[in-house]
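In our numbering, the protein residues as written are 3 to 171. C-beta: ideal position from N, C-alpha, C; glycine also. Because the structure is a prediction, the values reported are computed rather than measured. Before any comments, here is the structure.
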């Protein structure tokens, strides 16, 4: 059964399907500096491990999240796993350049929060680059109710990040 969330005059939020992989890979790799470069096999593995993956439209935006049980060695994910026994980690959320300003990232997060509630999780986590700085993402996450819970320097000092968490009722 295909799960679809939509509202009037909006592209639907849909589960990621195998047919979406090429478009996800292309959109992800356009933003590899902020996310990380993915090869097709790695993307397939991550989708298989994901707690929640959704897209909007023909792939105007997507989100991929993991819970604490994922087999995932990202230093950011592992930071949260060391500190929280149960959580959902937003690994990547991307909006295509031509779709920005339509509220897609907010819609994906709101849909995620509802999914998290139904699964009885109580916290959503993520990280935002501190160096290079990303003030737009910092402000976006603050507006959604995320609070900073830590920071780290990763990848041999090439990147620094801030860690955020949002409690879910």
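When C-beta atoms of the region 99-108 are compared with those of the region 125-138, fewer than three pairs fall below 8 Å, so the two segments do not count as touching. Taking residue 60 as reference, the option from 75, 107, 14 with the minimal CA-CA separation is 14.
Around the beta-carbon of residue 44, fewer than 16 other beta-carbon atoms lie within 10 Å, marking it exposed. The three-state secondary structure of residue 102, taken from DSSP, is coil. With the rule of 3 Cβ pairs closer than 8 Å, the region 75-92 counts as touching the region 160-167.
When the five nearest sequence neighbours on each side are left out, the beta carbons in the same chain lying within less than 6 Å of the beta carbon of residue 127 are those of 82, 89, 91, 167, in order along the chain.
Excluding residues up to 5 positions away in sequence, 51 lie with their Cβ nearer than 6 Å to the Cβ of residue 72 in the same chain. A straight line joining the alpha-carbon of residue 145 with that of residue 19 spans about 30 Å. Residue 54 has 67 as its beta-bridge partners, per DSSP. Secondary structure at residue 137: helix, using DSSP grouped into helix, strand and coil. The alpha-carbon of residue 69 is positioned some 15 Å away from that of residue 111. Residue burial is scored here from C-beta neighbours: residue 97 has at least 16 other C-beta atoms within 10 angstroms and is therefore classed as buried.
Rounded to whole angstroms, the Cβ separation of residue 117 and residue 74 is 18 Å, and the two are not in contact under 8 Å.
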